[in-house]
Amino acid sequence: MLISIEKNVRKSFNNKICLYFLLYLIQTSIVQSIREVYIDGDILLGGLFPIHEAGRDGQACGRIKADQGVQRMVAMLYALDEVNNDDTILPGIKLGAQIFDTCSHDTYALEQSIVFIKTLLSSQSSLYCPEVVDNIGKRPTVSAVIGAASSTVSLMVASMLQLFKIPMLSYSSTGVELSEKPRFEYFSRMVPPDNLQAKAMAFLVAKLGWNYVHAVADTGSYGERGIDMFRGAAHELGVCIDGEIHKVSRKMSDDAFKEMIIRMRYHGKARGVVMFVDEDNLRRFLSILKRLTENPTYSADFNNYFWFVASDSWGTKTSVIKDFEHIVKGSITIAPTVKTIKGFDEYFKSLNYLSNTFLTEYWQFLNCTHLSDKTFADCFRNNGVLFKQEVYAAFVVDAVKTMAIAMHNYIIDECFNLKWYNCSLSKKGFVGAKIQERYRNKSLIPDEPPLIDANGDGIGKYSIYQLNKFGIYKKVGNWHDGDTMKLKVDEVRRGLISNKYNIPLSVCSEPCGKGSYKAYQDQTCCWTCIKCDTTTSVILNETLCLECPIGEIPNDRQDECFPIPPVYMRWETLWVLIPSCVSIIGILLTLFVIIVFLRYNSTPIVMASGRELCYCMLFGITLCYCVTFILVSKPTVFICAASRILMGLSMSFVYAAILVKTNRLARVFTLTGPVRPKCISPLAQVLICMCIVGAQLIGSIIFLVWDPTEVVILYPTRIEAVLSCKATSSHLLLSLAYNILLIILCTIYAFKTRKIPENFNETRLIGFTMYSTSILWLSFGPIYFATQNNFRIQITSLCMCISLSGSVALACFFFPKVYIVLWQPYKNVRTRQSAVGKLVNSQMRFISHLATNNTDQNGNISSCSHSDLSKKSSNIVSFSETKTKVKSNLYSQYVQSPIIGKSSIIAISQSKSLNDQGVLKNQNTKQVPVSAELVSDIITSSSVVTDINEKSNASIDDPKIVVNDNIEILNKNDILEFDDIVSEGTLSDGMSNSSSIKLRQNTSSSQLVNDQIINDSQRQMQLILGKIKADTRVTSL
């Protein structure tokens, strides 16, 4: 209660202060001449119109405003005549008016409006001033005020009229601040507030696809509040303002305007310009812009660059764009939806300049002073002026009629059927609040909605216009509050389009294309487009690019991740067809070789190759080709286990057999003593080969148990899933490590045995096979491990490498033999002209010569001194190293030569039918030095490794050779190749005795000299041989 009393006391005190201030203004303004239009009547309405522009350079008023001022004032006069001539509105009561000029300035308008309350102050206030009453005269008090135009002026005047509870009804003030009813309780308007207008402009900008615009606003309530409302509504629609709001005022210089426009052009990105600027500043802005477009320096940059979206202060006014039509082409304006006043044009044209003071000035402005007795129709015609109704003239008429109807209803409610002069209202006056009740949210015209809402604001209905190149406004849309905007977007864009842009856009950043997301900068309208990896990421919204988890990729809509379907080798692809075809061809060729070897199993070529190990190799080669079909199959647990075992096992068969072959040859031909090589029989060789292969198999099985195989999905790339076996690369290395060791050992042995006798020339083939295989696998390594991200290349290269390894062995080792067997069968036989036959003949001649020159008459071999032997040896030939291997079907003996310091091996083979006459007489002979003649006869004439055999021409009587106790007797199957060649089944018919000798010599060749051996009859030779055998020197050989 105390608080309420305190507020009332404070309010009363403030009102008194305001009243004293107003009294001071009234007293000071009385002495000034006031220009007014006064129309006498029983009820008086006040009128405020911007007849003149705001003054500059210290002047109160500027030049006359024909449309916004004069025409609106005449519209009020027209409405008064309409009401007074209408018997249904205020019958018997004349409605008068007192109209003042605001000069578009708030303080000047306030001074003019004080006249409205002079009578009221004199009659009702305790501040009675007789001099005031005398100056005013006896005029009725102003019951209501129509106006003002500008929101700034309305704010000032409404604040004053609020004190005296005088209702004020504006026809064009749209300032948002005026909707604050606690401050402006008695203010109402026929037009919607700027917040609705700003909302409509925001919808318009968004409808055009713009999101970045300049903002230009007047300083003051209208411009600042309006642009703030626009910014709030635009923000909700995703539209931003480029930089700061550009504020203009009447005090700004032309240079300031120019600097502002240049800054908008060169420091901003927007082309659209939203304007909440009154008419005067609009023309100043356009005039500066026109100068820039006419300046050669700026012409190219400013000509038709800006696209204007203006508020109702521009609306459809022709006065704003006069002389600027070419620079405002395509501009879009918004104005409250209005109607044309019927009969107003004729009413205006029928007036003459004597009607009131303002029409007289307007007559003079039009230079019609010479038409003294004419009307404005004649003046317009004389000056070529095309009269057009001003937009807000209709609102003036509606405001007057609305106020008149409200007063009419008020009088009916208060006075009933009494005459106006008999009613108490004529004495005490109207109550402002009761007048407002009768036009706020009331339908004054039957079957039509209210013109003013309950808050005193006009209903939000706007029309949208666009200027064409001829300066004519064309309606292109409309918007009602609470409804969607209807806009001819394509037509508007065609009106804005230039030669450079197909679709006129005012944006900060171009829209991001598909697969990109926005990285916003300072505000939501400016962004940088960042490419999103659409192969691995989804775009959840325009600002978020989210990478899918490992193993997932985005769908076609880029809004969801789904698992990557795993891929594997397909049989219909070339990656599988090529290695499969190679393997099939290899298998067929391998089977062909096997068939050939089985068919010609007993021929010298096949037997000399080591048949058992050859079949092992062929099995391994076949397995190499079969591995391809395992590797290219769809991975399963069984396939993965088979691939881990068979990859190493297949090559182990091939390289184990080759290793056993080369190792055997190396051991046989590099002996340095009389010790017999072990494990060189066919069965032993096969067992050794199986042991080597078994090591690989056991290792693979152990590794398989220790690390069980499983099928996994690998992701070599971010967008690919591969169905594969676990740890393929590591398993491959472990599986091939053993085979790499075998390859290295085979290569070393192949190099060491490259110069063995001709009959063993397959060591060259083995060597070439190993060299090729080594190069092949060295090339495979980089290819396989450098293509970790392409499983197809890896698997295909692995298949091809394994198949080529088998192909190299098949081609280098078996094809030459098959070629001889099938197409050169004449080489697959034994002949007398072979090197072995020649060597045996040479040995026999040597033995005959030795027996002839060193036996006495009894046939005993005479002894020679060591010096004689050396002398004879020097006459024949000198050599550094000789190794001779003599093999018999029954015996073999190894002898260390004391003459040359190197071991010589002689193998003598004899037939079973021997002459009984040659009997060894002494079985306990001693080892003696070998004569030079004997050694020189054993030397071959070529250093090239040769494989030879020849039938012996001599008959050997003694089937046994007594050797030293330290000499080991070799089994006849110790050297497989030679036994196969000289087996009894393959000997030529008619040959009862045969000898085969294999010889390897590491020194350079020397010519046998003095080779004159007399070949006596067979009996004589047998006798000689028997004597030779008794000689200890021969026994040592």
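Heads up: the sequence shown begins at 1 in UniProt numbering, then just goes up one per residue. Beta carbons: idealized from backbone N, C-alpha and C, even for Gly. As the structure is a prediction and not an experimental result, all values here were calculated from the model.
Beta-carbon separation (whole angstroms), residue i vs residue j, contact threshold 8 Å
i	j	result
Ser104	Glu53	6 Å
Ser311	Phe276	5 Å
Cys545	Cys526	The Cβ separation is near 19 Å, so there is no contact.
Ser350	Ala394	Actually they are not in contact, since the Cβ atoms of Ser350 and Ala394 sit about 19 Å apart, beyond 8 Å.
Val213	Ile241	6 Å
Nonlocal neighbours in the same chain, by C-beta distance under 8 Å from residue i, ignoring five residues either side
i	result
Glu560	Val538 and Pro554
Tyr24	Bear in mind that the predicted position of Tyr24 carries a pLDDT of just 47, short of 50, making it unreliable; the figure below should be weighed with that in mind. No residues qualify anywhere along the chain.
Ile713	Gly551, Pro566, Ala721, Val722, Leu723 and Ser724
Val486	In the sequence under discussion, the amino acid at residue 486 is Lys, which differs from the Val named in the question. Answer for Lys486: Gly477, Asn478 and Trp479, listed in chain order.
Phe619	Phe653
Glu510	Cys529
Val808	Thr769, Ser772, Thr773 and Leu776
Span of the beta strand (DSSP E) around residue i
i	result
Leu95	Leu95 to Asp101
Asp398	From DSSP, Asp398 is part of no beta strand (DSSP E) but of the alpha helix (DSSP H) over Ala393 to Cys415.
Val157	It is not in any beta strand (DSSP E) - Val157 instead sits in the alpha helix (DSSP H) that spans Ser151 to Leu161.
Ala335	Ile332 to Pro336
Met617	From DSSP, Met617 is part of no beta strand (DSSP E) but of the alpha helix (DSSP H) over Arg611 to Leu631.
Glu346	From DSSP, Glu346 is part of no beta strand (DSSP E) but of the alpha helix (DSSP H) over Phe344 to Ser350.
Asn195	It is not in any beta strand (DSSP E) - Asn195 instead sits in the alpha helix (DSSP H) that spans Asp194 to Lys207.
Cutoff 7 Å; reference residue i; Cβ partners in own chain excluding five residues on either side
i	result
Leu976	Residue placement at Leu976 is poorly supported in this model, since its pLDDT is 37, which falls under 50; the coordinates still yield a value, given next. Contacts found: Gly610 and Pro682.
Thr534	Gly515, Pro554 and Gln558
Ala642	Ile630
Leu110	Met156, Val157 and Met160
Asp457	Ser179, Arg189, Pro192 and Pro193
Tyr784	Gln794, Ser797 and Leu798
Tyr65	Residue identity check: residue 65 is Lys in the sequence provided, not Tyr. The answer, listed in chain order, is Pro50, Ile51, His52 and Glu53.
Ile503	Arg493
Ile245	Ala215, Ala217 and Ile227
Boundaries of the alpha helix (DSSP H) in which residue i is found, first to last residue
i	result
Gly232	Gly226 to Glu236
Glu82	Arg72 to Asn84
Asn382	Phe376 to Asn383
Gly432	Gly432 to Glu437
Gly460	Careful: Gly460 lies outside any alpha helix (DSSP H) and carries neither H nor E.
Tyr421	Element bounds for Tyr421: n/a, residue is neither H nor E.
Ser700	Pro682 to Trp706
Residues near residue i by beta carbon distance below 6 Å, same chain, minus five either side
i	result
Asp481	Leu196 and Gly460
Met617	Val654 and Ala657
Ile117	Phe164
Arg718	Thr536
Ser221	Ser151, Thr152, Leu155, Gly175 and Glu177
Gly471	Ile321 and Glu325
Beta-carbon proximity of residue i to residue j, cut-off 8 Å
i	j	result
Asp278	Ser150	yes
Ile227	Asp254	no
Ile550	Tyr715	yes
Cys640	Cys725	yes
Ile166	Gly96	no
Ser143	Phe430	yes
Cys801	Thr628	no
Phe358	Val145	no
Asp463	Asn478	First, the residue type needs correcting, since residue 463 is Ser and not Asp in the sequence shown. In this structure, Asn478 lies closer than 8 Å to Ser463 by Cβ.
Thr622	Ile587	yes
Leu723	Pro563	no
Leu649	Leu697	yes
Ile766	Cys746	yes
Ser506	Trp314	no
Val328	Leu286	yes
Thr590	Tyr625	yes
Ala399	Val83	no
(message) When you compare the region 296-312 with the region 40-57, are there three or more beta-carbon pairs, one atom per stretch, that lie closer than 8 Å?
(response) A contact is defined here as three or more CB-CB pairs under 8 Å, and the region 296-312 fails this definition with respect to the region 40-57.
(message) Closer than 8 Å is the cut-off here; do at least three beta carbon pairs connect the region 408-415 with the region 425-437?
(response) Yes, the region 408-415 is in contact with the region 425-437.
(message) Quick check: the region 387-395 against the region 340-348, are at least 3 beta-carbon pairs closer than 8 Å?
(response) Yes: at least three Cβ pairs fall under 8 Å.
(request) Evaluate contact between the region 330-337 and the region 57-71, counting only Cβ atoms and requiring at least three cross-stretch pairs below 8 Å. (result) Between the region 330-337 and the region 57-71 there are fewer than three C-beta pairs closer than 8 Å, too few to call the two in contact.
(message) With three or more C-beta pairs closer than 8 Å as the rule, is the region 583-597 touching the region 811-823?
(response) Verdict: yes, contact present.
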